[in-house]
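In the numbering used here, the protein residues as written are 287 to 459. Backbone N, C-alpha and C define an ideal beta-carbon position, used for all residues, glycine too. For clarity, every value in this text was computed on a predicted model and none was experimentally measured.
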């Protein structure tokens, strides 16, 4: 398994492939990663890497967001840990330690931004939401052990995406 290392405020390094830094051009992205799976305008999608690259109005890389790669050939590394495998509470604690004054938790517990590092993490729902649903279902006499509910509970424990942006990505007007 190869590693994709996220370097906040700078870019990414893909083991065996090279680096992609903020400000690099669309042409640089395509030269490194090849033709995108989809997207030809402001967003380029690379499904095999679980990567979306956002371009600014000058066609330079301004943001990169990762979800779990479809093929599983890559592992993410942010501060020495896989941010999408780490329990959400541990990841938010780690990022708060790295950026204690720049935390945007206005959409907590599903989304957090770390503005001084230009890092964002997201999930559609949190563990406490699923646990509340399970409690309500049990109270209503419904099947709270359904496979889909247990899958949701498992999915809710970690963030689903992690994104890094150029400096001031979250604070620029």
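Check	Outcome
Whole angstroms is fine: what's the gap from residue 434's alpha carbon to residue 412's?	15 Å
By Cβ distance, which residues of its chain are closer than 7 Å to residue 311, with the 5 residues on each side in sequence left out?	345 and 346
Alpha carbon to alpha carbon, how far is residue 288 from residue 300? Give it in angstroms, no decimals.	8 Å
Hey, could you find the ends of the beta strand (DSSP E) residue 350 is sitting in?	347-353
Check residue 384 in the structure and name its three-state DSSP category.	helix
Got a sec? Which residues, its chain only, sit under 6 Å from residue 336 by beta carbon, not counting five neighbours each side?	352, 353, 354 and 355
Is the beta carbon of residue 370 sitting closer than 9 Å to the one on residue 385?	no
I'd like to know if the stretch 323-342 and the stretch 420-434 are in contact, where contact means that at least 3 CB-CB pairs between them fall below 8 Å.	no
On the three-state DSSP scale, how would you describe residue 408?	strand
Taking the alpha helix (DSSP H) that residue 415 belongs to, which residues open and close that run?	413-425
To the nearest angstrom, how far is the alpha carbon of residue 359 from that of residue 333?	12 Å
Hey, could you find the ends of the alpha helix (DSSP H) residue 438 is sitting in?	433-442
In terms of residue numbering, what span does the alpha helix (DSSP H) encompassing residue 312 cover?	312-319
Helix, strand or coil for residue 337, going by three-state DSSP, please let me know.	strand
Label residue 526 either buried or exposed according to how many other C-beta atoms from any shown protein chain fall within 10 Å of its C-beta, with 16 as the threshold for buried.	A query on residue 526 cannot be resolved here, the shown segment of the chain reaching from 287 to 459 and no further.
Would the beta-carbon of residue 438 fall within 9 Å of that of residue 407?	no
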